[in-house]
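Offset between the sequence shown (1-based) and the numbering used here: plus 3.
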Amino acid sequence: MVYQWVLIALLPTVGYQGCLSMLNKGAVSFTDAISNTISLSLFETVFLPIGRLSVQIAYAPKKLYQHLYFQVLTAIFIGILLGHFYPETGVAMKPLGDGFIKLIKMIIAPIIFCTVVTGIAGMQVLDKVGRVGIKALLYFEVVSTLALLIGLVVVHAIKPGAGMNVDASALDATGLTAYTAAAKTQNTVDFLLNIIPASVIDAFAKGDILQVLLFSLLFGFSLAAMKETGAEVVAFINKVSQALFGIVETIMKLAPIGAFGAMAFTIGKYGVASLVPLASLMGSFYLTCLLFIFIVLGSIARFAGFSIIKFIAYIKDELLIVLGTSSSESVLPRIMAKLERLGCSKSVVGLVIPTGYSFNLDGTSIYLAMAAVFVAQATNTPLTMTQELTLLGVLLLTSKGAAGVTGSGFITLAATLSVIPTIPVAGLALILGIDRFMSEARALTNLIGNGVATVVAAKWENELDMQKFDAELNTPQ
Numbered sequence: 004m005v006y007q008w009v010l011i012a013l014l015p016t017v018g019y020q021g022c023l024s025m026l027n028k029g030a031v032s033f034t035d036a037i038s039n040t041i042s043l044s045l046f047e048t049v050f051l052p053i054g055r056l057s058v059q060i061a062y063a064p065k066k067l068y069q070h071l072y073f074q075v076l077t078a079i080f081i082g083i084l085l086g087h088f089y090p091e092t093g094v095a096m097k098p099l100g101d102g103f104i105k106l107i108k109m110i111i112a113p114i115i116f117c118t119v120v121t122g123i124a125g126m127q128v129l130d131k132v133g134r135v136g137i138k139a140l141l142y143f144e145v146v147s148t149l150a151l152l153i154g155l156v157v158v159h160a161i162k163p164g165a166g167m168n169v170d171a172s173a174l175d176a177t178g179l180t181a182y183t184a185a186a187k188t189q190n191t192v193d194f195l196l197n198i199i200p201a202s203v204i205d206a207f208a209k210g211d212i213l214q215v216l217l218f219s220l221l222f223g224f225s226l227a228a229m230k231e232t233g234a235e236v237v238a239f240i241n242k243v244s245q246a247l248f249g250i251v252e253t254i255m256k257l258a259p260i261g262a263f264g265a266m267a268f269t270i271g272k273y274g275v276a277s278l279v280p281l282a283s284l285m286g287s288f289y290l291t292c293l294l295f296i297f298i299v300l301g302s303i304a305r306f307a308g309f310s311i312i313k314f315i316a317y318i319k320d321e322l323l324i325v326l327g328t329s330s331s332e333s334v335l336p337r338i339m340a341k342l343e344r345l346g347c348s349k350s351v352v353g354l355v356i357p358t359g360y361s362f363n364l365d366g367t368s369i370y371l372a373m374a375a376v377f378v379a380q381a382t383n384t385p386l387t388m389t390q391e392l393t394l395l396g397v398l399l400l401t402s403k404g405a406a407g408v409t410g411s412g413f414i415t416l417a418a419t420l421s422v423i424p425t426i427p428v429a430g431l432a433l434i435l436g437i438d439r440f441m442s443e444a445r446a447l448t449n450l451i452g453n454g455v456a457t458v459v460a461a462k463w464e465n466e467l468d469m470q471k472f473d474a475e476l477n478t479p480q
């Protein structure tokens with residue numbers, strides 16, 4: 004009897020013919036088996052259709068609501084509604100967004116370590132690592148400089164701060180204390196020395212991307228030099244890497260909750276009304292980011308032989324998570340995995356993406372240039388050509404090393420203005436209320452910029468599997 008019920012339970016999986024085959028092997032009549040439990044007519048009218056439907060559902064394409072991008076987009080929309088109509092409740096949702104970001108940050112350092120180590124250890128020619136690194140840094144410098152220049156050109160053309168006639172001395176700068184305290188002036192030597200960790204444990208404990216990257220590079224080179232002797236260690240780290248990406252997949256299921264909490268908090272705390280007075284700056288910034296993505300990055304992508312539109316469609320899930328959490332760091336492990344799936348070699352992805360998160364922040368560069376000049380315009384602070392060039396030079400330094408986390412752009416802006424006495428730091432109070440809304444565009448532009456940089460670097464080094472690349476970009480996600 005138990006055997007017969009098991010067969011009926013298996014119907015949705017193995018189907019009618021499968022059960023019949025199993026019964027024939029057991030020298031049992033299928034009709035007799037069914038008649039001892041249920042009538043054949045009931046089987047044909049109820050169980051068989053259910054079995055067929057189950058098979059159809061199992062092999063059917065994903066429904067819209069099952070896609071991560073739809074879930075995140077819905078969560079963002081609900082978060083906006085909650086924050087707008089119930090501000091206090093929206094603000095109380097902040098731990099949901101913070102918790103999700105912390106879960107992701109928990110896994111970033113070990114994933115960078117495993118990806119970089121296995122990528123470098125598996126390279127046949129170690130000279131290629133240095134070549135990729137130098138080319139990537141040159142690319143970062145050129146593109147981020149373009150981002151700064153475009154930001155300066157647009158803000159001077161539109162003049163979003165002109166006519167505000169704000170008296171900087173009358174501004175309430177008490178809310179800036181936390182940011183200016185964090186914006187310690189750091190020269191180039193300090194920045195370079197900070198890349199060297201006090202200890203390996205300290206680097207992983209702080210989650211400092213550049214420090215972890217440095218140790219990972221050294222460890223990877225050492226394993227590569229050991230050749231066959233280090234093969235077992237490389238194989239073990241590769242298995243650890245697979246387990247870590249499994250953890251990432253689990254964490255990403257919580258992305259809609261994190262996006263909901265972060266967006267509900269943002270709208271609840273600052274309110275949609277806070278956008279109106281400074282809509283000109285926000286509109287100019289969003290427009291500039293779009294121009295940069297589709298013209299500058301689009302041209303680079305076209306030169307490299309792919310469509311920026313298709314690439315954006317390929318990473319749409321990650322973009323929506325960034326939109327909700329306002330942090331490009333929230334998808335760092337996932338974008339690394341996705342670029343590998345796209346056909347970029349593990350060594351290039353492991354080197355370019357973590358480095359790009361410090362040296363290739365295109366969205367942050369645009370923001371810094373526009374926000375600094377906006378404050379000058381709003382406070383009627385004239386800037387000479389020499390001062391503009393000085394500002395550009397300082398921004399070239401301060402824009403490097405800004406982490407991909409929420410609020411880092413504003414801290415970097417405070418650091419920039421603190422070394423340029425011409426522009427009043429107190430003027431930052433003007434944009435403190437809307438900085439969180441501009442953070443999304445910064446993070447989105449940063450992510451797309453680093454993704455394009457990785458593909459370009461992989462293509463330069465013939466480390467891009469074009470067959471996989473074309474198949475992934477042309478397959479509906």
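By construction, the Cβ of each residue, glycine as well, lies at the ideal position given by its N, Cα and C atoms. Only a predicted model underlies this, so the values are computations on that prediction, with no experimental measurement involved.
Mark residue i as exposed unless 16 or more other C-beta atoms lie within 10 angstroms of its C-beta, in which case mark it buried.
i	result
V3	Coverage of the chain is limited to positions 4 through 480, which leaves residue 3 absent and any answer about it impossible.
V169	buried
I107	buried
N465	exposed
F239	exposed
A78	buried
L354	buried
P385	exposed
L450	buried
G133	exposed
N453	buried
L431	buried
G223	buried
K209	exposed
N363	buried
V192	exposed
V275	exposed
D438	buried
S302	exposed
A234	exposed
E91	exposed
G100	buried
F80	exposed
A61	No answer about A61 holds up, because its pLDDT of 40 lies below 50 and its placement is not dependable.
A150	buried
L293	exposed
Give the DSSP-derived three-state secondary structure of residue i in the structure shown.
i	result
L386	coil
L467	strand
A460	helix
K256	coil
R55	At R55, the pLDDT of 48 sits below 50, so the modelled position is not reliable; the number obtained from the coordinates is stated separately. Helix.
K97	helix
P113	helix
I423	coil
P200	coil
P90	helix
D211	coil
L281	coil
S402	coil
G164	coil
H159	helix
I437	coil
G274	coil
Measure the beta-carbon distance from residue i to residue j and round it to whole angstroms, keeping in mind my assumption that it falls under 8 Å.
i	j	result
G154	I369	4 Å
K349	T121	6 Å
Y72	L323	5 Å
T367	T419	Contact doesn't hold; Cβ gap of about 11 Å is too wide.
A227	I123	6 Å
I356	L326	Contact doesn't hold; Cβ gap of about 19 Å is too wide.
M229	R337	Actually they do not touch by this definition, with Cβ atoms about 31 Å apart.
I104	V251	With a Cβ gap of about 14 Å, I104 and V251 do not count as contacting.
W463	K138	6 Å
With three or more beta-carbon pairs closer than 8 Å as the criterion, would you say the segment 456–466 touches the segment 132–148? yes
Do the segment 88–100 and the segment 427–434 make contact, defined as three or more Cβ pairs closer than 8 Å? no
Could you say if the segment 337–345 and the segment 370–377 meet the contact criterion of at least three C-beta pairs nearer than 8 Å? no
Validate contact between the segment 262–277 and the segment 70–90 using beta carbons, cut 8 Å, 3 pairs: yes
Touch test, the segment 432–450 against the segment 287–295, Cβ-Cβ under 8 Å, three pairs minimum: yes
Decide if the segment 108–124 is in contact with the segment 237–257; the criterion is three or more beta carbon pairs, one per stretch, under 8 Å apart. yes
Entirely within the segment 292–367 and at least 4 residues each: give me those alpha helix (DSSP H) ranges in chain order. 301–307, 311–317, 319–328, 335–345 and 349–362
Cβ contact (3+ pairs, closer than 8 Å) linking the segment 416–423 and the segment 381–398: yes
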